[in-house]
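*Asks:* One structure is given below, represented as structure tokens, and several questions about it will come after.
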Amino acid sequence: MTSTAPSGAAAVRTAWAALILTGAVGGVLSGLFAVGGAIVMVPLLVWRAAMDQRRAAATSLVAIIPTAVVSSATYLVHVDVDIAAVALISVGAIGGAILGSRLLRRLPLTWLRWMFIAFLLLVAAHLLVAAPEPTHALAFSPLAAAGYLGLGVLTGIASGLFGIGGAIISVPVLGSVFALSDAVAKGTALLVSIPTSLAGTMSNRHGSSSVDIRAGLILGVTAAATSVPAVYVAVALPPAVSAVSFAVLLIAIAIQLSIKAAQAHTHKSAPSDPSLSLRNQ
11 MTSTAPSGAA AVRTAWAALI LTGAVGGVLS GLFAVGGAIV MVPLLVWRAA
61 MDQRRAAATS LVAIIPTAVV SSATYLVHVD VDIAAVALIS VGAIGGAILG
111 SRLLRRLPLT WLRWMFIAFL LLVAAHLLVA APEPTHALAF SPLAAAGYLG
161 LGVLTGIASG LFGIGGAIIS VPVLGSVFAL SDAVAKGTAL LVSIPTSLAG
211 TMSNRHGSSS VDIRAGLILG VTAAATSVPA VYVAVALPPA VSAVSFAVLL
261 IAIAIQLSIK AAQAHTHKSA PSDPSLSLRN Q
């Protein structure tokens with residue numbers, strides 16, 4: 011009886027350490043690359059916190075909330091936010107996040123693993139291939155408003171399904187399509203990620219028990235604290251170096267996840283009792 015207490019206490023300490031480490035790494039990467047902290051926290055939760063893809067995505071979505079609040083507050087102070095764009099994108103993103111969270115609950119884990127791997131590779135390819143700069147700013151119009159709504163739906167689905175904030179999608183689109191400056195695009199995307207993450211988290215909370223609110227808050231608070239000093243390092247990095255470095259990191263993560271997914275599939279498909287096949291011969 012007494013021997014189980016130390017092992018239980020050690021397990022709790024290990025779990026807390028894994029969450030704090032994951033949040034710290036996610037926060038540093040979020041500050042260093044402006045977007046992308048959550049996209050790294052999800053595989054870290056799978057590897058270090060022993061969560062499956064579904065639980066890791068749902069928990070990561072919780073962690074985005076405090077991180078986005080801290081980060082977007084900095085942009086709001088400097089007025090680096092397009093409020094009209096925030097309002098329109100948020101409308102689409104909230105609905106998209108609810109849809110994405112429902113897909114997260116219903117899709118098989120194998121599908122979720124490979125979809126996340128494909129998403130990582132698509133993001134890495136986008137970072138490696140620079141998008142052309144728009145020739146002139148896109149004037150606000152009904153077409154632009156529809157574009158903002160559509161962008162919101164897309165980022166919302168990705169947020170709910172993969173446990174990311176959506177900024178990794180919306181920042182490059184806001185710059186290359188809607189001609190927002192880099193600072194305004196980041197501030198706008200970060201502010202949008204708050205209602206998006208809240209909507210996805212509420213949907214996960216009411217729809218299933220896959221989300222771990224306490225673990226998500228530990229991740230989020232740690233990430234928010236470590237993202238601030240990383241911003242100063244990001245300022246010194248040339249944009250091209252930052253993009254290529256992050257793309258290489260995502261490719262490495264995708265390769266590792268692919269190996270894990272293939273091993274899990276092989277283990278699952280292997281017969282539980284090899285002697286049965288011998289008896290049937």
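Numbering (this note's numbering), first residue to last: 11 to 291.
Here a beta-carbon is modelled for each residue, glycine too, at the ideal position from N, C-alpha and C.
Which same chain residues, not among the five before or five after residue 34, have their C-beta less than 6 Å away from its C-beta?
*Replies:* 232 and 236, listed in sequence order.
*Asks:* Over the uninterrupted alpha helix (DSSP H) stretch that includes residue 190, give me the two end residues.
*Replies:* First-last for residue 190: undefined, no H or E at that position.
*Asks:* Compare the beta carbon distance of residue 197 and residue 91 with 8 Å and say whether it is the shorter of the two.
*Replies:* The answer is yes: Cβ separation under 8 Å.
*Asks:* What's the call for residue 151, buried or exposed, on a 16-neighbour Cβ count within 10 Å?
*Replies:* The residue is exposed, with fewer than 16 neighbouring Cβ atoms inside 10 Å.
*Asks:* What is the DSSP secondary structure of residue 82, counted as helix, strand or coil?
*Replies:* Reduced to three states, the DSSP call for residue 82 is helix.
*Asks:* In angstroms with no decimal places, state the Cα-to-Cα distance between residue 52 and residue 65.
*Replies:* Taking the straight line from one Cα to the other gives about 9 Å.
*Asks:* Suppose contacts are defined by Cβ-Cβ distances below 8 Å. Is residue 48 in contact with residue 68 by that definition?
*Replies:* Cβ atoms of residue 48 and residue 68: not closer than 8 Å.
*Asks:* Using only the alpha-carbon positions, how far apart do residue 57 and residue 82 sit?
*Replies:* When rounded, the distance between both Cα atoms is 29 Å.
*Asks:* State the CB to CB distance for the pair residue 271 and residue 112, rounded to an integer number of angstroms; the pair is presumed to be in contact (CB under 8 Å).
*Replies:* Not really, about 23 Å apart at Cβ, beyond 8 Å.
*Asks:* Under 8 Å, with one C-beta from each stretch per pair, do the region 253–261 and the region 102–110 reach the 3-pair mark?
*Replies:* No, the region 253–261 is not in contact with the region 102–110.
*Asks:* Buried or exposed: residue 63, going by 16 or more other Cβ atoms within 10 Å of its Cβ?
*Replies:* By the neighbour-count rule (16 or more Cβ atoms within 10 Å), residue 63 is buried.
*Asks:* Expressed to the nearest angstrom, what Euclidean distance is found between the alpha-carbon atoms of residue 95 and residue 220?
*Replies:* Rounded to the nearest angstrom, the two C-alpha atoms are 32 Å apart.
*Asks:* Determine the closest residue to residue 209 out of 162, 185 and 38, with distance taken between C-alpha atoms.
*Replies:* Nearest of 162, 185 and 38 to residue 209, Cα basis: 162.
*Asks:* How about residue 71 and residue 214: are their beta carbons less than 8 Å apart?
*Replies:* A contact, by the Cβ cut-off of 8 Å.
*Asks:* From residue 121 to residue 174, what does the alpha carbon distance come to, in whole angstroms?
*Replies:* So the two alpha carbons sit approximately 17 Å from each other.
*Asks:* Mapping the DSSP letters down to three states, classify residue 61 as helix, strand or coil.
*Replies:* Of the three classes helix, strand and coil, the one that applies to residue 61 here is coil, per DSSP.
*Asks:* Please report the straight-line C-alpha distance between residue 285 and residue 267, rounded to a whole angstrom.
*Replies:* Any reading at residue 285 must be qualified, since the residue scores a pLDDT of 46, below 50, and its modelled position is unreliable; no value is offered.
*Asks:* Does DSSP put residue 216 in a helix, a strand or coil?
*Replies:* Residue 216 falls in the helix class under three-state DSSP.
*Asks:* Do residue 110 and residue 166 count as a contact pair if the criterion is CB distance below 8 Å?
*Replies:* Result yes, Cβ atoms of residue 166 and residue 110 sit closer than 8 Å.
*Asks:* Could you say which of 85, 195 and 265 lies nearest to residue 181 if we only look at CA atoms?
*Replies:* Minimum Cα distance to residue 181 is reached at 195.
*Asks:* Which whole-angstrom value describes the C-beta separation of residue 225 and residue 29, a residue pair presumed to lie in contact below a C-beta threshold of 8 Å?
*Replies:* 6 Å between Cβ atoms; contact.
*Asks:* What first and last residue would you give for the alpha helix (DSSP H) that runs through residue 172?
*Replies:* Per DSSP, residue 172 belongs to the alpha helix (DSSP H) from 152–172.
*Asks:* What does the alpha-carbon distance come out to for the pair residue 61 and residue 222?
*Replies:* Distance between the alpha carbons of residue 61 and residue 222: 10 Å.
*Asks:* Could you tell me how far apart the beta carbons of residue 204 and residue 25 are, in whole angstroms, since I believe they sit closer than 8 Å?
*Replies:* 27 Å between Cβ atoms; not a contact.
*Asks:* Do residue 101 and residue 39 have their beta-carbon atoms positioned less than 8 Å apart in this structure?
*Replies:* Not closer than 8 Å, so no.
*Asks:* Would you mind working out which of 171, 129 and 132 sits nearest residue 1, comparing C-alpha positions?
*Replies:* Since the displayed the chain opens at 11 and closes at 291, residue 1 lies outside it and no answer follows.
*Asks:* Using a 10 Å radius around the Cβ and a threshold of 16 neighbouring Cβ atoms, would you call residue 238 buried or exposed?
*Replies:* By the 10 Å Cβ count, residue 238 comes out exposed.
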